[in-house]
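The structure under discussion appears below in the form of structure tokens.
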Amino acid sequence: MSSTLIRSIISLPFAVSALTMLAITPAHAESTLAASIQVNQVGFHPAAPKVAVVPTGAARDFAVVPADGGEAVFTGTTGDADDWAFSSGEVALADFSGLQAPGLYRIEVEGVGESHIFEIGDSVYDALNDAAIKAYYFNRASTALPAQYAGDWARAAGHPDTQVMIHASAASDSRPEGTIISSPKGWYDAGDYGKYIVNSGISTYTLLAALERDRERYTARELNIPESGNAVPDLLDEVMWNLDWMLTMQDPADGGVYHKLTTLNFVGEVMPADTHEQRYVVQKGTAAALNFAAVMAVASRVVGEYEQAFPGRAAEMLAAAERAWQWAQANPDLPYRQPDDVKTGGYGDGEFSDEFAWAAAEMFITTADPRYWEAVDFAGTQNAVPSWSQVSGLAWMSLAHHVDGLGDAANTALIGNRVVELADAVLATAENSAWGVPLQRSDFVWGSNSAVLNRAMMLLQAYDLSGKPEYVDGAQALLDWVLGRNPTGYSFVTGHGDKTPMHIHHRQSQADDVVDPVPGFVAGGPQPGQQDKCEYPSKMPAESFVDHWCSYSTNEVTINWNAPLVYVTGVLESINAAR
Ligand code: G3I
Ligand code: 9MR
């Protein structure tokens, strides 16, 4: 909260309201973080807005100097100092957007110190974007990762998943409890080795949406994965690894989709090849069916563009989507309920209107059948920043991207309004932020960096519709946050930045004998829940992060958190290449 806002609350005539409001705002809880100048440590395109954050109680002069020393190349004065409800101390913004010359730099402020190194240059996010996609390769199940592709992080195969058991909760007439099915491939969800359909939904979708948005870009990128050099973009090859698995999660008898494939308990800190516990598919549910239907509908239209490389696959995916959709019509309210003997991730969600809207939107876009548009009350469906449990934003994002080809059934004005309304609401939150980033208290949840990046992704939808630069600038500020313009001082993406997480909650990174963690993964990010009971430097929402294996609630990595990092860095590259 800005000090102005605090002052206006304190001056409220009703002391009781003031006290109540102050009570729900955490008092400035103790922080042991060292205050220093924070900046996006990867860097900026020459034409992009460039802002660093200086810890100070009053405006100060600052200088941008070459990383290897020498005379200042840019000088300026910060704005006024202010505080923020989610971090400690006062800060001021140093705007050096005027500096456009490519190079490696630092910010210096007399009496305060210097920032980490950052770059100004064209294509400054290419390597990061490639690495964020390559992280999915590193999380492939059921395969060895040869050194030729995986370098230092080469590993033996694990989890063939050809002998997976039907759990009691998933038993059906044709597949009674204990039946063995084959369900290989896919990506490990996170630092654990589970494979979860709901979370695969938003992750796989977001990567496919990146490809739909920037096909030319991704056709040209080479990721050095086993499929590199074939006739399709590496990004699509990577996504196919997970689509192949997802298809095996559909019960051929009725079209329903199992919620997840995991062991009964989380396994220890071991490599994939060293763990052989029985894996199960667990309970079918409405969320799994609708996530599956939505993703298969999108995949069908994307894969259909590469029919020669993937003959028959687009039709197979669309048929699978239709069967899952039908199953959900017959089972519209079946939440996932974790069985007593299963302790792995829940991804439970009891509210399905957003999943229905998303699946209907994707089926409508792919088939042009107006019955899908009519199946859902789109006029009554709000937009929201996406997360694994709230996917209405994915419906609006896809509808907006395809708005010109939707035909008469769709309300195109409604689609534009929903996208712009949400983007404006996101941008408005920057006004209360001394850090100049459009974030609010509810963003500081488990996986906060994905909330940050999904906000950026929604701003970029509004930019695509309107061409207004403020939406790109907002997305830039949010990416800056993830890459170092935040009170923890970390660029949260492994291997990308001057100070990056070294001890992510990622079993492979923990169990291998390589010092560096697998690169290209964004850590969950600060949030005050501290569910893992580790030691943290602060209780403040934006400071409650620790780079330790112990911290699965702030330092794990997950496929749905990397996906908007891919989307946002790819789109910013495309936009900047064009300006
Ligand atoms: O929905 C409530 C909301 O009403 C409330 O205001 C808020 C206050 O904290 O909490 C919200 O619930 C949170 C929920 O996520 C939805 O955002 C829970 O507190 C929070 O504990 C929960 O965290 C989830 C976590 O699993 C624990 O269940 C994360 O979203 C989810 O990303 C994470 O997923 C795990 C998988 O289960 C297993 N694989 C790793 C993966 C990442 O850690
Ligand atoms: O390692 C698990 C991680 O992948 C999950 O996201 C997290 C929350 O479900 O749980 C982790 O496992 C922990 C378990 O829940 C409690 N005991 C310690 C485990 C991690 O070392």
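Counting with our numbering, you get residues 49 to 627 for the letters of the sequence shown. Heads up, the beta-carbon is just placed ideally off N, CA and C, and yes, glycines get one too. No experiment lies behind these values; they were computed from the predicted model shown.
Tell me where the alpha helix (DSSP H) around Ile-155 begins and ends. No alpha helix (DSSP H) contains Ile-155, which is instead part of the beta strand (DSSP E) from 151–157.
Could you have a look at Tyr-509 and say whether DSSP puts it in helix, strand or coil? As written in the sequence, residue 509 is Gln, which differs from the Tyr given in the question. Under the three-state reduction of DSSP, Gln-509 is assigned to helix.
With 8 angstroms set as the bound, which would you pick, yes or no: does the beta-carbon of Val-157 sit closer than that to a beta-carbon of chain B? In the structure shown, chain B cannot be found, because there is only a single protein chain.
Just to confirm the assignment: which complete alpha helix (DSSP H) runs, minimum length 4, are found wholly within the stretch 489–554? 496–514, 517–530
Candidates Gly-393, Val-139, Val-121: closest to Ala-83 by CA position: Val-139
With a threshold of 7 angstroms (Cβ to nearest heavy atom), would Glu-119 be considered close to the ligand 9MR? no
Taking C-alpha atoms, which residue in Lys-243, Ala-408, Gln-386, Gly-543 lies nearest to Ala-376? When the alpha-carbon of Ala-376 is set against those of Lys-243, Ala-408, Gln-386, Gly-543, the nearest one is in Ala-408.
Inspect the beta-carbon positions of Gly-234 and Met-288 and report whether they are closer than 8 angstroms. no
Counting only the same chain and skipping the five closest in sequence on each side, list residues whose C-beta sits under 6 angstroms from that of Arg-371. Gly-303
Taking 7 angstroms as the limit, tell me which residues put their C-beta closer than that to any heavy atom of the ligand 9MR, in chain order. The set, ordered by position in the chain, is Ala-238, Gly-239, Asp-240, Phe-314, Gly-393, His-553, Tyr-600, Glu-604.
If Val-451 and Thr-460 are in contact, beta carbons under 8 angstroms, what's the gap, nearest whole angstrom? 5 angstroms
What separation, rounded to the nearest whole angstrom, lies between the Cα atoms of Val-424 and Ser-401? 8 angstroms
Report the partner residues of Ile-623 according to the DSSP bridge assignment. In the DSSP output, where bridge partners are listed per residue, Ile-623 has none listed.
For the ligand G3I, any of its heavy atoms closer than 7 angstroms to the Cβ of Thr-323? no
Which of the three DSSP states, helix, strand or coil, is assigned to Lys-581? coil
Only counting the same chain, and skipping five residues up and downstream in sequence, which positions put a Cβ closer than 6 angstroms to that of Glu-156? Ala-111, Val-113, Glu-162
Let's see if you can read the secondary structure: which residues bound the beta strand (DSSP E) around Pro-418? Counting along the chain, Pro-418 falls outside any beta strand (DSSP E), though it belongs to the alpha helix (DSSP H) covering 418–422.
Quickly, what does DSSP pair Met-213 with across the bridge? List them, please. Beta-bridge pairing links Met-213 to Ile-228, Tyr-328.
If I follow the unbroken alpha helix (DSSP H) through Thr-254, where does it start and stop? 245–261
Using the DSSP secondary-structure output, state which residues sit across from Pro-103 in a beta bridge. Beta-bridge pairing links Pro-103 to Val-139.
Can you find the residues in the same chain that come closer than 6 angstroms, C-beta to C-beta, to Gly-146, ignoring five residues on each side of it along the sequence? none
Alpha-carbon spacing of Gly-545 relative to Leu-613, whole angstroms: 15 angstroms
Given 8 angstroms as the limit, is there contact between the stretch 565–580 and the stretch 489–500, that is, 3 or more CB pairs closer than that? yes
Within 10 angstroms of its Cβ, does Glu-270 collect 16 or more other Cβ (buried), or is it exposed? exposed
Pairwise C-alpha distance: Asp-560 and Glu-260: 36 angstroms
What residues are listed by DSSP as bridge partners for Glu-167? Gly-91, Leu-152
Leu-309 bridges to which residues according to DSSP? Lys-243, Val-329
So, are the CB atoms of Met-505 and Val-616 less than 8 angstroms apart? yes
Contact between the stretch 349–358 and the stretch 299–317: three or more CB pairs below 8 angstroms? no
Classify Asn-313 as buried or exposed, calling it buried when 16 or more other Cβ atoms lie within 10 Å of its own Cβ. exposed
Classification of Leu-193 by the beta-carbon crowding that lies within 10 angstroms, buried from 16 upward: With 16 or more other Cβ atoms within 10 Å, it is buried.
Is Ala-195 helix, strand or coil by DSSP? helix
What did DSSP end up calling Ala-202 once you bin it into helix, strand or coil? coil
Kindly indicate which residue of Glu-317, Val-318, Ala-378, Gln-509 has the alpha-carbon position closest to the one of Leu-620. Gln-509
Within a Cβ cutoff of 6 angstroms, which residues of the same chain sit near Lys-182, ignoring the five residues on either side of it in sequence? Leu-271, Gly-568
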